[in-house]
Structure formats: C-alpha cells, structure tokens
Amino acid sequence: MKERTIQIIKYFISNQETITFDILSKQFQVSARTLRNEVNEINHFLAQQHISPIKNKRGEGLKLAIDQDKQAALLTVIEDLSESLYFTPEERLFDLLLASGVGQKALYLYEKEREYQVSKSTLDDDMRRLRQLLKPYGVDVISIPKQGIVLSGSERTIRTMLYDMMVTFIGIADYQLDEVDERILDKILFSYISRDTFYQLDGIYDQTISAREENVYRKHLLLFTAIWLSRFKLGNTVANTLPDDTAVTKSEMWHFVDGVIMDFKLDCSLNERQYIAFILESFNKKDMTNSIEWVQAQLLTIQLIQHVERETKIPFSRREELLYEGLYKHLTGLLHRMKTNFQVVNPLRENIASHYPEIYDSIVRFSPAIEEVAKQPLTLDEIAFLTIYFSTSESRINQELDYLFRTAVVCNHGTATAHLLAENLKELFNIEVIAVLSSRELSVLKRLDVDLVFSTVRLEQQSLPTLLLNPILREQDKIRVKHYLRSHQHLRRVVNEPRNSTSLLFSLLGIIEQSGGTVTRDIYQKVEQAFRNHQLKINQEEIQPMLEDVLNESGIRLKVPSANWEEAIEEVAQPLVTAQVIEPRYIRAMIDSLKEFGPYIVIGKHLALAHARPEDGVNKLGISVLTLEQPLVFGHEENDPVKIIFCLAAVDSYSHLNIMKNLVALIHDEEKIQRLTEATSKSEFQAILHQRT
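For the sequence shown, the tail end lands on 693 under UniProt numbering, and the numbers increase by one without skipping.
Right, dumping it as structure tokens:
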C-alpha cells in the first residue's frame, strides 16, 4: 500500500461528506483513473478489516459511511500500517547498507523499490547517497549477476566501515539493545542480525570474560563481533597469512573468540581467529602489555597529564593514580587502534567538547605527539574519550578543593574605608586580600604575589587586571565583581589542600622497625588502610621511588665499548642480573622485542630505554644505565645515534611512575644528555643526572 493510498483513507475518515473523483484528483494531484484504482485497493483493504467500503453514489460522489468507533479503530490500524511499512530516507540508507553488507539473501533494487514503495529515481538517489557515504572508507557498492548488490573493498575495511556506520545510524555510544529505538531495531537491524545473536554473544562474554562488567567497551565489542560473525557466515574472510601451526598467546579475548566459534559452529581458520581477537583487544579496557604500546602509552600518559595540567592549571596530580591508570589503559588500546587504522565512534563528541572546552582543546593541541607515535591522525572522537578521563578527575578534585583569587586593594579614602572594602570583598567572594595600599604605594605591587587589583581610584599603566569600584559596595558593584572574577577564572589559586599525612606514615613505619618489628607488604597495606579510614591523605607520589632512589652506583657503567645494539643491551642489563632484579631471560625478551617491533626503545635524541614486560623475568623494581664509548645506530630515523641506554625493570604500571617522569624530563634536555656522556666518574654522572633545574 502506497503512502498516498494511506493518506486518501485518512482523508475519508476525517471528511464524512461526499466528494467527487474530480475534486479528489485535484486534491492529491493524480488522475481520476488512478484514483479509481486506489479506491478499489482501499475497498479491498476495508473488506479485510470487516468495514463497509467507500461508496460511489451517482450524481453525488464518494463517501466512507462508518460510525465514530469504527473511524477510531480504522485510524489506529492505518497509523500502525503507516509506521511499519514506510521507511524514511535515512532508514532506507541504513537498510540498504545492511542488506548489501550482512543480508542473507541477494539484494536487487527492483525488489527494494516495491518494499520501500518508492520510484526508481528515488532509489537511484538513495544509492548515490550510499556510495558517497562509503567513499571515505574506500568501499563501493557494485552489482554482480546472481548476487545482486554487494560491497566491494578490503574485507577488513568493510567490517570496520559496517561497525562505524551502524554506531552512527543507531546514534548512541553506549550500545544497549534495550535503549535503542525499537523501530530501528525490529524494522532494520534485527531483520539482518537477529536479537538472539546479540543475546547469545552476551552470554559467551559472561562465561569467558565477565558476568558483572558493564561498560561501553563491552557493547562495542559485541556489536563488532556480530558484524564479523555475519560477514564470516556469508563466506567473507580476511586473507590467509598465517600457517596453521603458528604459536598464539591464549589471551582472555582469545577464549571469548573460541567460545563464539564453538557456540556458532564455525569452521574458522587460525588467521581469522587471530584477526578477530586482535581487533577485539582494541575494545578491551583491561591492561594490554604489548611491548611497543606499553612503553609508548607510559610516556604519552605522563606527558599528556603534565601538558593538560600545565595548560588548564587544574591540579590533576592530586588524583594522578586513578587518572594515570585509566588513561594508560585507554592509550594502549588507542595506539593499537590507530596503528591498525581502526576507529571507535563517539557520538557524544560535540557535547563533550562544548562542556569541557578547556580540557578538550588542550588535548587537541597535544594530539601531534600521539600522531607522531602512531603515524596516523588522531580522530576527534578519540580526543573526546580522552577528555572524559580528565573531566572525571576534575570532578573528583573539585569535590575536595576550594579556589580563591589573590588580590590587592588600592584606596585613597582613608585606612578605615580601605579595610572595610577589603573585608566586604572577602566576605562576599572567594578572595584573599594580600595588601591594602594607597595610590602612592603602587610600586609595592610589583613585589607582591597577587593576580588581581581592586581600586577606588583610576590607575594609569597598571600591568595587573584592575577593577574600579566604589569604596562602599553597591549592588551594581557586586554584579560587576562577579563578572570580573568569572572572566579571570584562570587566575584562581587552589586552597584548602587535604592534609598530607605521608611523613606521618613514614614516621610510624620507622617506629615499627626501630622497636624490632618488620614492615611487611601486608603490614604496610594495613597501616595505609588505617590512614584512609581516618581520612588522612597520603601522597602516592612521595611513596613512589624517584630515579635517584632506585639507581645506585653499581647500576651505572660509563664509556662501555659495544660492537652493536644487542651487545649494548646485554651490557646495560648485566648489573640488574647480578643484583637478581631480573632473570637472564629478561635480556632475551628485550632483544627479541626490538627485533620484532623495531627501534621503539629509542625514546629521545641519543637516548634509549631498554625494557620488556614484567612477566618476562622481573623480580623487583630496578634500573641501570650505561654510556657508550662510541655511539651506536639502532635504526631510528630521528634519534640515532644512541649514546646513553637505561634498562628498566618494572613490576606493575604505577610503581615506576616517578622514574618515568625523570626520564621524560631528560628526553627534552639534550645539553644534560651530552654532559652525561662526557662524565668520567660515577659520582659525576649521578650529580649531573639528579641535578634539579
């Protein structure tokens, strides 16, 4: 039934008077002959609904004579019919995409013309729009005899495109079937990928990964898995590049993929398994420790927090542990996605950018550093995801902090009046008045640590922001002060810092040891928990060791001759092996990783950071360093030749954070690196390395 046919029925329901074919044809801009056919079709439909037909009385015209109850019932049926039968232009586009991408039967446009009840020209226009939509992905739609309309392009790209477009059309980031428009789901999505498929995948996730975990990563992961499953069942596979006897690491995600293959009875090659597990890891929020992403995510996380804190003046270091862990895990997955050209869509991007513009813009300015590592552009969607971590941390910080402005008051109306103005400002606003001055004392301002000035006299050539006020504040003055402070919000200072009880913690632990006790890990954790229970704040940065705490003299080797980079790594790691900080297999893991992934350990000009994963043989936190007698080429285009090599043995993602900060600072200090390479004694080397600028 055409849309016009439904509109004609509605017309007869709402107009109970007779109407001729001529008038009706003018009303709907069609011929009288076409209308006669339409009326015959309508009468057939009415008979199915057990309703009297439209009657044509000679000399009078057409009329649908039914009572109000039947009118209401018919109108309900018509509304339901209209809702279920007709596709909007956007729905047609989504349906064509799924029909060509995951449809179980051949797609022919003439069949879609009938289904959509649109003209050939309308459908041709839909296909042009679809091709335009797919063009940025390098995917096209083509017609193949006996197969109909199909997608053409790299299978990896097609799967990624389908995922991206599905999220875009569904229009949500946190993908949940029960929260999406049922019309879109039942009418389009579930007609190609059944609801049962999603529920079955969800059950496999419960069994293999987590039955309690609910987050955006899980929803995206299940959606992509459903797309892969649909494409694979249609016979679309990625190119086979792995022999069947290739060794694989059986990760948590691998077990999920195995569960899918088993439940859906798939005959799946090792290559296909490797591919889907590899892609799904991008959605996994848990800590991924691939050697390359591991060190790059560490460095980028530290630099990003420092950058955003520096630009926004928000003290993120107060909540750095939680912020660091969340960002590190996300950046590891982000680098993984960027290097495989796989993108996650964030439909909330614009809202995030508008609500947190200062943080969002700061990350935009940092994005070239991430792009340099991944060799791919960073999307605005990913920038929005990173913004969420900082905005969440900011909310936590704001719950425990107050802010104020450090100001001076200039007044020539006498001491009493000047102090009254100062006290009024302090009472009404978050202001700390550092000094009350007369206009003859302005030279003092240069020596004061103030950000703003309030004055009752007009000041000439004042370098600090200054607001002119009446000595006795009026309501209009108070409004002006509010606007003035809001416009200079970036100059606020943090106050009311939580009391730092870290030194008390160390003192207490020292007393335990002095009295003959032993501070085990269990004892330490119990004491730390007791402090938290009594709202005593502990600065985790003070607890985490610095580079100078871990790097001892036995870990420093100077002017070491090395024939090649492999030998250099063995030499720098030897002190850690001797001290039983690492096992000998850790050296092999570092060398193998460098052979597989290239010179990613060359983190700065002439500076390398050799490392492997904690599980490759680390017994405890440690670091060693050597300077080379002759610089060595590691193969890095910009930072070769290497003159200094550090070897890091880390036991987790956080305990070595301060060490990494020290190394990040060293990356940007080529003069210090040069002085370190010229050092002739270990004491001289330590003095240069730990020198505070």
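Backbone N, C-alpha and C fix where the C-beta goes; we use that ideal spot for every residue, glycine too. Predicted, not measured: the structure shown is a model, and the values here were computed from it.
Check	Outcome
Name the DSSP beta bridge partners of V373, please?	V373 pairs with nothing; no bridge assigned.
Please work out which residues of its chain come closer than 7 Å, Cβ to Cβ, to S291, disregarding the five sequence neighbours upstream and downstream, and give them in chain order.	Low confidence applies here, because S291 scores a pLDDT of 43, under 50, leaving its location unreliable; read the following figure in that light. Cβ within range, chain order: S593, F597, A612 and R613.
Measure the Cβ-Cβ separation of T387 and Y356 and say whether it is below 8 Å.	yes
Let me make sure I understand the geometry here. Which of Q296, L280 and G235 has the alpha-carbon closest to that of L266?	G235
Report all residues from its chain with a CB closer than 8 Å to the CB of A573; omit the five preceding and five following residues, and keep chain order.	I582, Y586, I587, M590, A610, S624 and C647
Short of 8 Å in beta carbon distance, which residues of its chain neighbour F405, apart from the five on each side in sequence? Order them along the chain.	F429, N430, I431, E432, D451, L452, L485, H488, L491, R492 and R493
If you draw a straight line from the alpha carbon of A650 to that of H483, how long is it in whole angstroms?	50 Å
Within 10 angstroms of the Cβ of N658, are there 16 or more other Cβ atoms? Answer buried if so, exposed if not.	buried
Once you ignore the five residues that flank I434 on each side, which residues in its own chain have a CB closer than 8 Å to its CB?	R406, T407, A408, L448, D449 and V450
If you pair each beta-carbon of the segment 61-75 with each one of the segment 9-27, do three or more pairs fall below 8 Å?	yes
Return helix, strand or coil for I673, following the three-state DSSP convention.	helix
Figure out for me which residue from V633, S554, H656 and A608 has the closest Cα to the Cα of I645.	A608
Do L201 and I149 have their C-beta atoms within less than 8 Å of each other?	no
Between the alpha carbons of L663 and T627, how many angstroms are there, rounded?	15 Å
So what does DSSP say about P575, is it helix, strand or coil?	helix
Give me the Cα-Cα distance between F256 and H220, rounded to the nearest whole angstrom.	14 Å
Look up I582 in the DSSP assignment and say whether it is helix, strand or coil.	strand
What residues are listed by DSSP as bridge partners for R557?	L626
Buried or exposed for P575, going by 16 or more other Cβ atoms inside 10 Å?	buried
Quick one: measure Cβ to Cβ for I193 and V102, integer angstroms, because I've assumed they're closer than 8 Å.	6 Å
Under DSSP, the beta strand (DSSP E) around S143 begins and ends at which residues?	D140 to I144
Tell me the start and end of each unbroken alpha helix (DSSP H) in the UniProt domain "PTS EIIB type-2" (405-493) that is at least 4 residues and wholly inside, in chain order.	415-428 and 475-487
I need the DSSP call for residue 700, collapsed to helix, strand or coil.	The question about residue 700 has no answer, for the chain in this structure spans 1 to 693.
Run the CB neighbour count on A418, radius 10 Å, all protein chains shown included, and call it buried at 16 or more, exposed below.	buried
Give every residue of the same chain whose Cβ lies closer than 7 Å to the Cβ of N346, excluding the five residues on either side of it in the sequence, and list them in chain order.	A173, D381, A384 and F385
When DSSP builds the beta bridges, which residues end up paired with C647?	A610 and S624
Compute the Euclidean distance between the alpha carbons of residue 695 and T392, then round it to the nearest angstrom.	Here the chain has residues from 1 to 693 only, and residue 695 is not among them.
Checking 8 Å against the spacing of the C-beta atoms, do E281 and I188 come in under that value?	no
Short of 6 Å in beta carbon distance, which residues of its chain neighbour E615, apart from the five on each side in sequence? Order them along the chain.	none
What does the alpha-carbon distance come out to for the pair V457 and S438?	9 Å
Beta-carbon within less than 7 Å of I42's beta-carbon, same chain only, minus the 5 sequence neighbours each way: which residues are those?	T5, I8, I9 and I54
Across which residues does DSSP place N56 in a beta bridge pair?	L62
Grab me the residues of W565's own chain with a C-beta within less than 6 Å of its C-beta, minus the 5 sequence neighbours each way, in chain order.	L632 and F634
Can you check which of these residues, K233, V39 and T340, is closest to F264 by C-alpha distance?	K233
Within this structure, are the beta carbons of S362 and H307 separated by less than 8 Å?	yes
Give me the DSSP bridge partner(s) of S152.	D140
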